[in-house]
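Position in the sequence shown counted from 1, then plus 576, gives you the numbering used here.
Backbone N, C-alpha and C define an ideal beta-carbon position, used for all residues, glycine too.
Note that this is a predicted model, so its numbers are computed, not measured.
Contents: one structure, followed by commentary.
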Amino acid sequence: MSGLSRLYSLATRSTGTPACKHPLMVHRSPLLGRTLSTSSRTTGLPSLHAQERRAGISIKSHRCSISNDATTVLSELPALVVVPSVLVGISLALWTLKCMSLVLFQNKIIYMPSLPPYTRREKLEDYQSMCGKVKWREESIISNDGYRLAIAVGEIGQDIDHKVKPSIVILYFQGNGSSTPPRLPLLSRAAASVYDATHSKVIICALSYRGYWKSTGSPSQSGIEIDAQSFLAWAADIYPSSQVIIWGQSIGAGVASTALATYVSKSNPAQPINVKGLILETPFVNIRRMLVELYPQKWLPYRHLWPFLRSHWDSEVALRKMKNSRTQVPPILLLPAADDEVVPRTDAAYLEKLCHDLGLAVSRVSIHAALHHQASEKPQGRKAITEFIK
C-alpha cells in the first residue's frame, strides 16, 4: 500500500468518518492536474494533488477531534453545575435588560402625566363643586421654546381691591403624576385658609408641565425648567405688585427650588418678581440620593444607574445657587410627611441643616400621620402653610 493510502486509512480509523477532500480538488481541471503531476514527476517534488489531499485529511481530522472533545466535556459535566450556570446566565441577562430599560425609558418612569388613565381628559368643571368659594378658570401661555402650557387659576376674595391691599399669589408646582383638576379641592382649601387668615385676595396658579393635562410636548427636566421660567415671567407680568409664594410638592419641590434659583441668578430679569416665601412640601435632596436611600441593596440596579440620569432635580444645588446670588433669598418652609412612603425622612432634615449652614431662613414642620400626598391635606399641614404665608 502506498504512503498516501496508508495515511488515508489511518485518518479514517481515527475519526470514524472518511477524510473529506479539500474543496479545491472538486474544481480542479483534470488537464491541470495531469500537467502538474507530470511537472512534479519531472522536478521530483510532491504533486499539488497529494498536498491538497494531505491538507484536507489534516483539517477534517482536527475538526472532528475538537467536536468529539467538546461533546465529551459537556456530557461529563454534572447537572449540579449545568443547571445553576444556566439560571445564573438567565438572571444576568434579565438584570442587564432591566438596567437598559431603566436608562432608556427613565422619563416614562419619572414623569407619569397619564396616570391614572384618562387623567389628561379631566376638566376643571368636574371639580368646581368641591372647591367652595374658590373660582377656577383655565389659561394658557407659550413657553420660551414654543410649547403651549395650561394653567389653572383660582381666586377667592375677588371683591377686595388689590390696590388697597396687595393680593397674595401662590404659584404651585405639582408632583410627577396625574394632572391639575384632581388637585383643585386641595388647593382650594389651602387658598381659603390663607384668605380667612389674611383677609387678602388670594390667587393660586397651578402650572401643568409640558406633556401634562392640556400642555403640549413631552416632559423632561430640561423642558420643565424652561416651563417654570416661562411661568414665573408670566406671573411677574400679570401680578407685578402682588406678594408671590412659590409652592412645590414632591418632584415639584425640586422644580420650585430650581426655578427660583435660576430666576434670582439672572442679573437683570425682565420683570422682577416679588417672592415672599418658598414652600417645599415632601421635598427630597436629589434623585440620586433618593435612589440610594430607597434601594440600599447593592445587587439592585437602581442605585448604580445615577451616571445615566437625565433628571436630577437637585434641591441642594438650587439652595447653594440661591445663596450665591445677589438677590435676597426668601424664607423657606419645609413640609415633610412623617409617614412618607416615598421620600426618605432624612431628606428634609438634611435640607434644613443645609439652609442653616448657608445662613438661609428656614423652618421645618413634620406633618404627623401623613403619607407622601397628604402633608398639605392634613389640618396641621394646612395650618403650617397659612401661618407661613401670613
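Contact check, residue i vs residue j, beta carbons under 8 Å
i, j, result
"LEU783", "GLY824", "no"
"PRO872", "ALA924", "no"
"ILE779", "TYR748", "no"
"LEU979", "ALA945", "Past the boundaries of the shown model lies residue 979; the chain is included only from 577 to 966, so the question cannot be answered."
"SER806", "ILE666", "no"
"LYS881", "CYS675", "Correcting the residue identity first, residue 881 is Leu in this sequence and not Lys. Yes, they are a contact pair."
"LEU787", "TYR687", "It is Gly, not Leu, that sits at residue 787 in the sequence shown. It is a contact, given that the beta carbons lie within the stated cut-off."
"THR792", "ARG724", "yes"
"LEU927", "SER891", "yes"
"LEU808", "TYR839", "yes"
"PRO920", "LEU867", "no"
"SER677", "HIS738", "no"
Option nearest residue i by Cα separation, candidates the options
i, options, result
"ILE849", "GLU869, PRO906, GLN797 and PRO660", "PRO906"
"GLY799", "ASP813, ALA837, ALA767 and SER719", "SER719"
"VAL745", "LEU930, SER764, HIS932 and LEU663", "SER764"
"TRP889", "LEU870, PRO912, GLY830 and GLY935", "GLY830"
"THR962", "ALA768, ARG724, LEU678 and THR756", "ALA768"
"GLY771", "ALA894, PRO757, GLN734 and TYR788", "Going by the sequence as given, residue 771 is Tyr instead of Gly. Of the listed residues, the one whose Cα sits closest to TYR771 is GLN734."
"LEU930", "TYR839, VAL919 and LYS897", "LYS897"
"HIS949", "LYS966, SER826 and VAL840", "SER826"
"TYR878", "GLU801, SER661, TRP671 and VAL664", "TRP671"
"GLU917", "LEU947, ILE821 and SER677", "LEU947"
"ILE736", "LYS852, THR774, PRO758 and VAL893", "THR774"
"GLY753", "LYS709, ALA812, LEU691 and LYS874", "LEU691"
"GLU953", "HIS932, ALA837, ALA913 and SER841", "ALA913"
"HIS932", "SER743, ALA960 and LEU895", "LEU895"
"TRP712", "PRO955, LEU836, PRO758 and GLY751", "PRO758"
"SER743", "ALA837, ALA812 and LEU836", "ALA812"
Buried/exposed call for residue i, threshold 16 Cβ in 10 Å
i, result
"LEU608", "Any reading at LEU608 is ruled out, since the residue's pLDDT is 38, under 50, leaving its predicted position unreliable."
"THR922", "exposed"
"PHE565", "Shown here, the chain extends from 577 to 966; a query on residue 565 therefore has no answer."
"SER942", "buried"
"VAL861", "buried"
"TYR694", "exposed"
"ASP721", "exposed"
"GLU731", "buried"
"LEU794", "It is Ser, not Leu, that sits at residue 794 in the sequence shown. Exposed, by the Cβ-count rule."
"VAL657", "exposed"
"VAL659", "exposed"
"ILE685", "exposed"
"GLN542", "Missing from the structure shown is residue 542; the chain here goes from 577 to 966 and no further."
"TRP810", "buried"
"LEU668", "exposed"
"VAL664", "exposed"
"VAL662", "exposed"
"LEU673", "exposed"
"VAL602", "Below a pLDDT of 50, predicted positions are generally treated as unreliable, and VAL602, at 39, falls in that range; the measurement from the model is reported next regardless. Answer is exposed; the Cβ neighbour count stays below 16."
"SER705", "exposed"
"LYS874", "exposed"
Close beta carbons around residue i, own chain, < 7 Å, minus the five adjacent residues each side
i, result
"LYS741", "SER776"
"VAL679", "LEU881 and PHE884"
"SER841", "LYS897 and SER901"
"ASP915", "ALA945, ALA946 and LEU947"
"GLY751", "GLN825, SER826, ILE827 and GLY828"
"ALA837", "ALA894, LYS897 and MET898"
Spatial neighbours of residue i in its chain, beta-carbon cut-off 8 Å, leaving aside the 5 residues before and after
i, result
"GLU714", "LEU700, ALA726, ILE727, ALA728, VAL729 and LYS790"
"GLY620", "Only weak support is given to the placement of GLY620: the predicted model assigns it a pLDDT of 45, under 50, and the value that follows is read from those uncertain coordinates. Contacts found: none."
"GLY969", "The question about residue 969 has no answer here: the residues shown for the chain are numbered 577 through 966."
"LYS899", "VAL905, LEU934, GLY935 and LEU936"
"THR614", "Low per-residue confidence applies at THR614: pLDDT is 43, beneath 50, and the placement is therefore not dependable enough to give any value."
"ASN683", "SER794, PRO795, SER796, ARG886 and SER887"
Sequence-distant residues of the same chain with beta carbon closer than 6 Å to residue i, five excluded per side
i, result
"LEU909", "ILE855, SER939 and PHE964"
"PRO689", "GLY787 and TYR788"
"GLN956", "ILE943"
Cβ-Cβ separation, residue j to residue i (assumed contact under 8 Å), whole Å
i, j, result
"SER796", "ARG886", "7 Å"
"LEU762", "TYR703", "Not quite, the Cβ-Cβ distance comes to about 10 Å (not below 8 Å), so this is no contact."
"TYR785", "ASP803", "5 Å"
"GLU801", "THR756", "About 19 Å separates the two Cβ atoms, so there is no contact after all."
"VAL851", "VAL893", "So it is not a contact: roughly 19 Å between Cβ atoms."
"ARG958", "ALA766", "6 Å"
Interface flag, residue i vs chain D, CB-CB below 8 Å
i, result
"GLU701", "No chain D is present in this structure, which holds just one protein chain."
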